[in-house]
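Number of protein chains: 2
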Amino acid sequence: MNMSDKRVYLYDSTLRDGQQTQGVDFSAADKTAIAKALDELSIDYIEGGWPGANPTDDAFFANPPKLKNSKLTAFGMTRRAGRSASNDPGLASLAQNAPIVCMVGKSWDFQVTEALGIELDENLAMIADSIAHLKTKVSEVMFDAEHFFDGYKANRDYALSAIKAAYEAGARWVVLCDTNGGTLPDEIFDIVTDVCSQIPGAHVGIHCHNDTENAVANSLAAVRAGARQVQGTLNGLGERCGNANLISIIPTLMLKMGFDVGVSKDQLTQLRRISHILDERLNREPTRQAAYVGDSAFAHKGGLHVSAVEKNPACYEHVEPELVGNQRHILVSDQAGRSNILARFREIGVDVDPKSEAVGKLVENVKQREFDGYAYDGAEASFELLARKAMGELDRYFRVTSFRVIDERRWGDEQDEQVITMSEATVKVVVGDDQFMSVAEGNGPVNALDAALRKVLLTVPEYRDAVEQIELIDYKVRIITRGDGTRAVTRVMIESRDAEGNNWATVGVSTNIIEASYNALRDSITYKLFKSGVRSQHG
Amino acid sequence: MNMSDKRVYLYDSTLRDGQQTQGVDFSAADKTAIAKALDELSIDYIEGGWPGANPTDDAFFANPPKLKNSKLTAFGMTRRAGRSASNDPGLASLAQNAPIVCMVGKSWDFQVTEALGIELDENLAMIADSIAHLKTKVSEVMFDAEHFFDGYKANRDYALSAIKAAYEAGARWVVLCDTNGGTLPDEIFDIVTDVCSQIPGAHVGIHCHNDTENAVANSLAAVRAGARQVQGTLNGLGERCGNANLISIIPTLMLKMGFDVGVSKDQLTQLRRISHILDERLNREPTRQAAYVGDSAFAHKGGLHVSAVEKNPACYEHVEPELVGNQRHILVSDQAGRSNILARFREIGVDVDPKSEAVGKLVENVKQREFDGYAYDGAEASFELLARKAMGELDRYFRVTSFRVIDERRWGDEQDEQVITMSEATVKVVVGDDQFMSVAEGNGPVNALDAALRKVLLTVPEYRDAVEQIELIDYKVRIITRGDGTRAVTRVMIESRDAEGNNWATVGVSTNIIEASYNALRDSITYKLFKSGVRSQHG
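For the record, the sequence lines run as chains A and B.
Note that the UniProt record's numbering has the first sequence beginning at 1, numbered continuously upward.
Note that the UniProt record's numbering has the second sequence beginning at 1, numbered continuously upward.
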């Protein structure tokens with residue numbers, strides 16, 4: 001093959017192999033939405049599923065998405081033993097469903113004789129017949145050699161004869177699958193190098209699994225050895241430990257190895273968004289530490305690092321975050337030196353004079369609070385309030401003078417039938433010269449307290465619009481001091497959202513979970529009022 | 001170097017580099033617990049932190065854990081420019097804190113001139129002086145060459161001269177750091193090969209980050225090139241995208257590459273447990289698809305796979321799950337779920353007849369509860385109570401007919417001085433024919449409820465001894481349903497201990513955190529009474 005060939009084709013299997021993941025069950029609508037996202041990224045091949053295997057895949061192929069850049073591929077199996085290709089219902093169904101077909105077959109002699117229980121030659125005939133037959137029905141056929149690397153190690157000649165049978169019968173690609181995911185990068189490199197001496201690399205693909213956490217490295221090793229198609233999934237979704245993660249492979253091939261993967265630089269800036277589309281469909285929190293696209297991928301916490309990053313980002317960033325649609329974050333923490341905290345202030349637009357006394361106090365205050373268990377990483381809104389208060393920029397909007405929460409349970413009989421269940425909160429709040437008192441119920445003490453506080457603030461005309469918008473979307477509790485039973489110090493983090501789609505996170509800490517929750521709630525409401533430019537009525 | 005040298009040393013940086021992770025803030029108690037877990041696994045070096053950098057690390061080194069197998073290491077920096085090593089307060093503090101010291105320094109010329117703003121030769125002197133000085137104070141000194149790979153690519157000779165300065169001054173190890181995490185495995189291999197031609201590989205270490213999802217592969221490439229120390233963290237914890245994941249590297253080095261990493265086969269079977277200890281400390285759900293140790297790592301979903309796996313596990317498993325303390329999971333059939341639950345019953349010593357109707361109901365009950373959010377993994381005591389109750393083996397000891405918790409806060413003035421703070425719980429409890437009522441205060445609602453309930457049970461002479469012993473040592477809260485604000489379903493897990501040193505964990509689930517906590521508390525007390533062989537007075 002021509003090693004200078006810099007075009008690597010991408011093949012996405014999120015909708016087929018990704019579907020095998022524990023806990024994943026795509027609907028046809030999910031599949032369509034994900035296919036459209038892959039199309040936006042210009043992935044060459046989108047494997048839609050296995051027609052005939054389940055009702056979802058049938059529904060998807062019956063009404064396939066219109067794709068602008070990508071080609072839809074159907075997955076299936078070579079013909080059954082002892083049956084002609086033209087007479088095989090599986091192959092017939094495949095031909096009807098998509099312009100491109102990828103068929104899986106055996107290349108490990110042990111699997112042929114043990115799992116299929118057939119002659120080795122019959123397996124080669126099944127491969128060749130199926131490829132040759134479908135080649136006359138669809139525009140492109142490829143062959144997935146299941147267990148190729150285990151097969152090669154057990155019987156090199158037979159494994160090679162299986163993929164040669166496919167190639168010689170007209171397969172556009174023969175794809176080498178590390179089905180069990182146990183092969184290491186140097187083995188992959190050596191074996192693919194050998195394969196590419198027999199079949200041009202421009203027709204060789206690689207399909208890896210992450211069982212040793214090497215799926216990305218294995219895919220890159222295969223490309224270095226000459227393979228020119230890479231199969232994988234978004235975010236590494238897939239059975240067991242997942243498939244090779246295309247979200248990591250794409251920028252590495254493009255930005256570090258100089259390959260053309262059919263994705264433009266503009267499309268690459270959508271990488272983070274595309275990764276998040278899959279998480280949304282799965283109702284999962286995106287992985288913070290995901291390579292390239294995670295929230296933490298360009299986050300800087302250590303104090304030493306931060307001052308260096310500000311001087312020159314190349315000191316601690318391997319690529320520019322903007323290239324993959326990500327951005328730099330400066331984090332605040334116990335680790336942080338002063339420069340860290342000051343950088344964070346600048347990021348949120350608080351103008352600070354590093355020499356002022358107020359700033360010095362603020363830095364000490366942050367450090368002390370973090371020692372107490374506050375964690376301002378991921379609770380930027382509470383951090384901003386603290387800073388603006390220290391700078392004298394924050395008005396007080398209301399003052400809670402007292403609250404009381406009552407939580408009651410009564411059971412009726414020996415069978416523990418619960419007959420009374422009640423959570424009630426009372427708050428007294430001062431706004432300006434007015435004192436308000438309100439009471440509300442909830443399905444738990446914090447929910448009741450939240451309801452009672454809002455009830456008051458909604459009666460203040462100037463606050464109403466802002467408060468009405470606040471929606472609490474996540475509530476996390478963490479015990480900080482351990483080994484102390486129910487006396488432990490608790491950290492509550494609340495994430496809120498408004499009608500314009502802004503998200504913000506606030507934090508509260510106390511030995512009392514109700515009080516910790518109240519602190520985080522208070523910050524959440526105050527932050528929204530501040531950001532909405534509402535004038536304080538408290539005076 | 002002698003390439004046949006099969007001993008690779010492991011260096012864990014969970015407590016130092018792992019601490020840099022967004023959202024991670026270890027307490028000194030966390031650090032001690034994690035160090036003990038690492039010691040159980042026989043990790044050669046445990047980096048405890050950076051003495052002098054923050055109060056937590058100071059507290060940890062002031063009272064270091066007693067280690068049986070591992071050696072504690074302190075992290076620090078080479079001497080400052082323009083100061084003698086013997087006069088550097090950082091070095092002096094390092095020498096006092098641990099028998100082994102690892103110092104970081106620059107090896108990239110650009111960083112020396114730009115970030116430090118000093119002459120290249122002064123940097124070499126800083127390295128050599130610091131190593132030579134500390135070598136006289138502690139038993140072992142190593143050098144972390146920050147940005148080594150970027151430095152090598154920019155100026156090979158200077159990067160090599162930096163590590164040679166450290167080696168020649170007496171560093172036991174020079175550790176090559178891919179600080180930005182952007183180097184690819186083939187580059188690592190080539191560069192480490194070159195380094196090992198100058199410094200014996202038996203003195204060369206590797207420290208990788210996962211910014212391209214290649215940290216594991218990079219570490220393995222360095223070992224293949226001759227490096228004999230691998231630095232990493234548990235579960236790949238660490239700044240940005242994390243450090244190299246020792247949990248993946250250890251079994252690969254041992255089981256696939258034939259290296260001795262100082263971990264015995266028996267210790268290797270603790271790998272999954274050790275991985276989970278870190279997650280527990282971080283109050284994180286373990287990653288299902290983690291290589292080797294994840295719940296999904298040996299889970300089989302596809303119907304085709306499952307029958308093949310049952311015939312011969314080697315068809316779809318790259319190693320035996322038991323070697324790393326994991327197990328095979330068959331996900332498809334209800335039948336598999338059932339035998340799984342039955343196996344768990346047998347594990348805790350509950351003798352079940354699979355054909356009995358009670359068992360059928362129990363299995364359905366467990367499945368329903370797990371669907372509701374109960375997690376009996378890690379809450380074996382609650383699971384056992386459920387099983388024994390279904391089998392008619394569990395007496396009821398008491399019946400709470402009602403409880404009420406009142407939580408109140410009052411503030412005095414505009415400065416938010418808190419003047420009244422009160423958590424009070426009232427319970428009504430029936431034991432046999434007697435009805436008790438009691439009230440207690442606590443520093444939070446759950447603590448008050450716990451106190452009130454104990455107050456009653458301590459008055460029952462037959463229960464007194466057992467109840468007196470119960471100590472709640474951990475209390476964890478996790479929100480299960482997301483995106484639902486303070487209405488979310490909450491899971492509370494309580495860990496208890498008795499005077500004989502037995503530990504047990506119980507679980508409660510509810511939308512109301514007080515009720516979830518009560519359920520877990522009730523189970524904890526019931527379990528202790530049952531295990532103590534106390535006869536029920538409830539009748």
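The beta carbon of each residue, even a glycine, is placed where N, CA and C say it ideally should be.
All figures in this text were calculated on a predicted structure; none of them were measured in a lab.
Measure the C-alpha to C-alpha separation of residue 291/B and residue 230/B and round it to an integer number of angstroms. Looking at the two C-alpha atoms, the distance is approximately 18 Å.
Going along the region 180-213 of chain B in order, which residues come within less than 7 Å of chain A, judged by CB to CB distance? Residues of the region 180-213 of chain B with a C-beta less than 7 Å from any C-beta of chain A: 180, 181, 182, 184, 185, 186, 210, 211, 212, 213, listed in chain order.
Show which residues of chain A have a CB atom less than 9 Å away from the CB atom of residue 290/B. Neighbours of residue 290/B on chain A, chain order: 213, 241.
Only counting the same chain, and skipping five residues up and downstream in sequence, which positions put a Cβ closer than 6 Å to that of residue 496/A? Correct list, in chain order: 470, 472, 504, 524.
Any C-beta of chain A under 8 Å from that of residue 332/B: Note that residue 332/B scores a pLDDT of 41, beneath 50, so its modelled location is shaky and nothing firm can be said.
Just to confirm before moving on: does the CB-CB distance between residue 217/A and residue 217/B stay below 8 Å? Result yes, Cβ atoms of residue 217/A and residue 217/B sit closer than 8 Å.
Measure the CB-CB distance between residue 146/A and residue 104/A and report whether it falls below 8 Å. One thing to note: residue 146/A has its Cβ within 8 Å of the Cβ of residue 104/A.
Using a Cβ-Cβ cut-off of less than 9 Å, list which residues of the region 396-412 of chain A approach chain B; keep chain order. Per Cβ criterion, the list reads 396, 399, 400, 401, 402, 403, 404, 405, 406, 407, 408, 409, 410, 411, 412.
What does residue 513/A reach in chain B if we use C-beta pairs closer than 8 Å? Residues of chain B passing the Cβ test: 444, 445, 446, 477, 513.
Taking a contact to mean a Cβ-Cβ separation below 8 Å, would you say residue 180/B touches residue 109/B in this structure? Not closer than 8 Å, so no.
What number of angstroms, rounded off, separates the C-alpha of residue 186/A from the C-alpha of residue 208/A? Their Cα atoms are separated by approximately 14 Å.
Short of 9 Å Cβ to Cβ, which residues in the region 216-229 of chain A face chain B? So the list reads 216, 217, 218, 220, 221, 224, given in the order they occur along the chain.
Can you tell me which of the three DSSP states residue 36/A falls into? Shown here, residue 36/A sits in a helix according to DSSP, grouped into three states.
Check the Cβ-Cβ distances between residue 232/A and every residue of chain B, and say whether any is below 8 Å. At a cut-off of 8 Å between beta-carbon atoms, residue 232/A makes no contact with chain B.
Range of the contiguous alpha helix (DSSP H) that encloses residue 271/A: That run of the alpha helix (DSSP H) goes 271-282.
Assigned secondary structure, residue 61/B (DSSP; H/G/I helix, E/B strand, else coil): Helix, per DSSP.
Taking Cβ positions, are residue 26/B and residue 10/B nearer each other than 8 Å? The Cβ-Cβ distance between residue 26/B and residue 10/B does not fall below 8 Å.
Do residue 330/A and residue 343/A come within 8 Å of each other at the CB atom, strictly closer than that value? A contact, by the Cβ cut-off of 8 Å.
What does the Cβ neighbour count give for residue 19/B, buried or exposed, with the cut at 16 atoms within 10 Å? Only buried fits residue 19/B, as 16 or more other CB atoms lie within 10 angstroms of its CB.
Output the boundary residues of the alpha helix (DSSP H) element that contains residue 263/A. Segment: none, residue 263/A is in no alpha helix (DSSP H) and carries neither H nor E.
Rounded to the nearest angstrom, how far is the Cβ of residue 164/B from that of residue 198/B, given a contact under 8 Å? Residue 164/B to residue 198/B, Cβ: 7 Å. Contact.
Could you check where the alpha helix (DSSP H) with residue 118/B kicks off and where it finishes? In the DSSP assignment, residue 118/B falls outside any alpha helix (DSSP H) and carries neither an H nor an E.
Between the alpha carbons of residue 336/B and residue 182/A, how many angstroms are there, rounded? At residue 336/B the pLDDT is 44, less than 50, meaning the model places this residue with poor confidence; the figure from the coordinates comes in the next sentence. Approximately 26 Å between the Cα atoms of the pair.
According to DSSP, what are the bridge partners of residue 329/A? According to DSSP, which records beta bridges pairwise, residue 329/A is partnered with 299/A.
With burial defined as no fewer than 16 other Cβ atoms inside 10 Å of the residue's Cβ, what is the status of residue 354/B: buried or exposed? Answer is exposed; the Cβ neighbour count stays below 16.
I need the straight-line Cα distance from residue 61/B to residue 17/B, nearest angstrom please. Each residue's Cα considered, the two are about 16 Å apart.
Going by beta carbon distance, what residues of the same chain come within less than 6 Å of residue 499/B, once the five residues before and after it are set aside? Correct list, in chain order: 469.
Is it right to say residue 528/B is buried, meaning 16 or more other beta carbons lie within 10 angstroms of its own, or is it exposed? The residue in question, residue 528/B, is buried, as its Cβ has 16 or more Cβ neighbours within 10 Å.
Where residue 526/A sits in the DSSP three-state scheme: When DSSP states are grouped into helix, strand and coil, residue 526/A belongs to the helix group.
Per DSSP, cross-strand counterpart(s) of residue 434/A: Its beta-bridge partners are 431/A.
Out of curiosity, what's the CA-to-CA distance linking residue 6/A and residue 131/A? Near 27 Å, if we compare the C-alpha coordinates of residue 131/A and residue 6/A.
Which one or two residues does DSSP pair with residue 77/B in a beta bridge? DSSP output for residue 77/B lists 104/B as bridge partner(s).
May I ask you to list, following chain order, the residues of the region 40-73 of chain A that have a beta carbon less than 8 Å from some beta carbon of chain B? Cβ contacts with chain B come from no residue of the region 40-73 of chain A.
Please tell me whether residue 252/B has its Cβ less than 8 Å away from any Cβ of chain A. Answer yes: the Cβ-Cβ gap between residue 252/B and chain A drops below 8 Å somewhere.
8 Å is my cut-off, CB to CB: does residue 500/B come that close to chain A? Cβ-Cβ to chain A under 8 Å: no for residue 500/B.
Helix, strand or coil: which one does DSSP assign to residue 203/B? If DSSP states are grouped into helix, strand and coil, residue 203/B belongs with the helices.
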